[in-house]
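Report on the following structure.
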Amino acid sequence: MTIDWKSLANNYQEDYLADLSELISIASVRDDDNATDEYPLGEGPTKAMEKFLSFGERDGFKTVKLDNTVGYIEYGEGDKTLAIQSHADVMPAGDGWKTEPFEMTIIDGLAYGRGTSDDKGPGLAAYYGLWMLKDQGVTPKLKIRLIIGTDEESDWTGMKHYFDVEPQPTFGFSPDAEFPLINGEKGNATYEIKFGSKNGEEFRLKNFDSGLRTNMVPGKAEALVETDDNQKFVDAFTDYLDKNPVAGDVKAIGDGVSVHVTGKQAHAMEPNNGINAGTYLANFLSQFSFSGDAEKFLKLAGVTLHDDSRAHNIAANYTDDVMGDLTMNVGILKFSETDGGLINTNFRYPKGSSDEIILNNLKKVADDVDELSHMVPHYVAKDDPIVSTLLGVYERQTGETNVEPEVVGGGTYARLMDRGVAFGALFPGTEDTMHQANEFQPVSDLIKAMAIYGESIYELSQEG
Ligand SMILES: [Zn+2]
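Anchor point for the sequence shown: position 345 equals 345 in my numbering, and the numbering is continuous, going up by one each time.
This is the structure we're talking about:
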């Protein structure tokens, strides 16, 4: 059977965009403050997953909701299973949007909105790949499951549950990263460093707040301090802004000063793509004579961990030939004079390093450190058919040649499968706006991805 996947995908563009617009309009951010037994992540992520499943029902697929945190759309039968793992949750919008983040807006062929790139756009493109197969009357020789998680951006609640209760798929891919293909993912470890609330006399750190997630470079930071000389402090801040790549403002409030810093949000897997507002603010404050726990907090965040994405200062730096550099992101920084402080850091490390090495090195610079989460590095051999078949389809459709798979610092659902890879949907040359303000995907890229997914699922489905 010969199918012209590219021209076929074009026929589905209008339907695809209508469905995507519906998904984007559900603000499916994990919301722990409104978690209930029924909605352990808040309602949004579940509602978006249910909307996704409703498309499957509409188009005549079998759909299953295992619980309110994970579900799947199924097609075909057989002993083997091809799994496609996507997620319906999104990162918080953050500030700096030019359009409404939870409303898909197409400007000059670019679809803006939270989730257009990560991961509603790509996940739905994979769904349309599957739908095209069914719509064309193709009978797969194996079972295909498009699994939709609801907590990819935090703890993988739901997708982990799926793997606890369902058999391991034969192989699969996650359309939740970039093209061409990712066959290796660094280890991923998150640590929390805690501080007491002892403060200074001359300078008091009343409050410090920066960062929403450990897997994001914080774009904003704010602090409230009492100083011995407000004007001197304000002048020093103006001077600091002149010399550093951050913006900010400062104003006197009562007997204290409120100071804001703006950097640049980015994904934690390459902290150098962002500018960490939190560590810059701590760096500025660390020049003044705070004392006690406030001083320890500011010195660690603003000196030891500041501007050091390869973790040289704590001697955890490491590079592997295939998997690249260990990286460190300082994702959450908080201090209050009543509750004390915390700094959450997230490390992506290649084989050759380990979470224990990192923990031991952190313990040398901090008194109270806990490992919050950890995943080991993941690697699928280049000659595995899940790698070679998908790369073959990618090369055929894009005309690129000698395409090599990549290793990244991002952790995708693919690592839950022994033979799992990440495949799309960000094309080389398209700006990566995942986790950032003004997230977008070119509509033409999404349709190109749909065609690639269609042919890929078709090829894999004929392996039986
Ligand atoms: Zn994602």
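Ideal Cβ positions, reconstructed from N, Cα and C, are used throughout, including at glycine. Bear in mind the structure is a predicted one, so any value in this text is a computation, not a measurement.
Please report how far the alpha carbon of residue i lies from the alpha carbon of residue j, in whole angstroms.
{"i": "residue 337", "j": "residue 290", "result": "12 Å"}
{"i": "residue 254", "j": "residue 227", "result": "11 Å"}
{"i": "residue 156", "j": "residue 416", "result": "10 Å"}
{"i": "residue 294", "j": "residue 250", "result": "20 Å"}
{"i": "residue 256", "j": "residue 412", "result": "44 Å"}
{"i": "residue 340", "j": "residue 301", "result": "14 Å"}
{"i": "residue 136", "j": "residue 347", "result": "45 Å"}
{"i": "residue 407", "j": "residue 350", "result": "9 Å"}
{"i": "residue 6", "j": "residue 234", "result": "59 Å"}
{"i": "residue 458", "j": "residue 379", "result": "24 Å"}
{"i": "residue 381", "j": "residue 452", "result": "21 Å"}
{"i": "residue 96", "j": "residue 49", "result": "27 Å"}
{"i": "residue 371", "j": "residue 163", "result": "23 Å"}
{"i": "residue 76", "j": "residue 271", "result": "42 Å"}
{"i": "residue 446", "j": "residue 122", "result": "7 Å"}
{"i": "residue 374", "j": "residue 329", "result": "15 Å"}
{"i": "residue 188", "j": "residue 229", "result": "43 Å"}
{"i": "residue 423", "j": "residue 383", "result": "16 Å"}
{"i": "residue 403", "j": "residue 9", "result": "23 Å"}
{"i": "residue 344", "j": "residue 304", "result": "14 Å"}
{"i": "residue 465", "j": "residue 29", "result": "The question about residue 465 has no answer here: the residues shown for the chain are numbered 1 through 464."}
Go ahead and label residue i buried or exposed: buried means 16 or more other beta carbons lie within 10 angstroms of its beta carbon, across all protein chains shown.
{"i": "residue 436", "result": "buried"}
{"i": "residue 204", "result": "buried"}
{"i": "residue 243", "result": "exposed"}
{"i": "residue 18", "result": "exposed"}
{"i": "residue 441", "result": "buried"}
{"i": "residue 312", "result": "exposed"}
{"i": "residue 455", "result": "buried"}
{"i": "residue 431", "result": "exposed"}
{"i": "residue 232", "result": "exposed"}
{"i": "residue 429", "result": "exposed"}
{"i": "residue 439", "result": "buried"}
{"i": "residue 386", "result": "buried"}
{"i": "residue 37", "result": "exposed"}
{"i": "residue 287", "result": "exposed"}
{"i": "residue 396", "result": "exposed"}
{"i": "residue 184", "result": "buried"}
To which residues of the same chain is residue i closer than 6 Å at the C-beta, ignoring the five residues directly before and after it?
{"i": "residue 388", "result": "none"}
{"i": "residue 306", "result": "279, 283"}
{"i": "residue 285", "result": "298"}
{"i": "residue 59", "result": "131"}
{"i": "residue 91", "result": "153, 435"}
{"i": "residue 63", "result": "53, 56, 57, 73"}
{"i": "residue 409", "result": "186, 269, 327, 348"}
{"i": "residue 258", "result": "224, 251"}
{"i": "residue 181", "result": "390, 391, 405, 421, 423"}
{"i": "residue 148", "result": "49, 52, 71, 86, 88"}
{"i": "residue 34", "result": "42"}
So, for residue i: in the same chain, excluding its five sequence neighbours on each side, which residues have a beta-carbon less than 8 Å away from its beta-carbon?
{"i": "residue 16", "result": "124, 125, 128, 446, 447, 450"}
{"i": "residue 134", "result": "59, 60, 61, 75"}
{"i": "residue 361", "result": "311, 314, 315, 316"}
{"i": "residue 106", "result": "17, 112, 443"}
Lining residues of ligand 3 - beta-carbon closer than 6 Å to any non-hydrogen atom, in sequence order:
Because ligand 3 does not appear in the structure shown, any question about it cannot be addressed here, the ligands present being ligand 1.
Should the stretch 167-183 be called in touch with the stretch 107-117, which here means at least 3 C-beta pairs below 8 Å?
Result no; under three Cβ-Cβ pairs closer than 8 Å.
Report yes or no: do three or more beta-carbon pairs, one from the stretch 204-215 and one from the stretch 321-328, lie closer than 8 Å?
Not touching, per the Cβ criterion.
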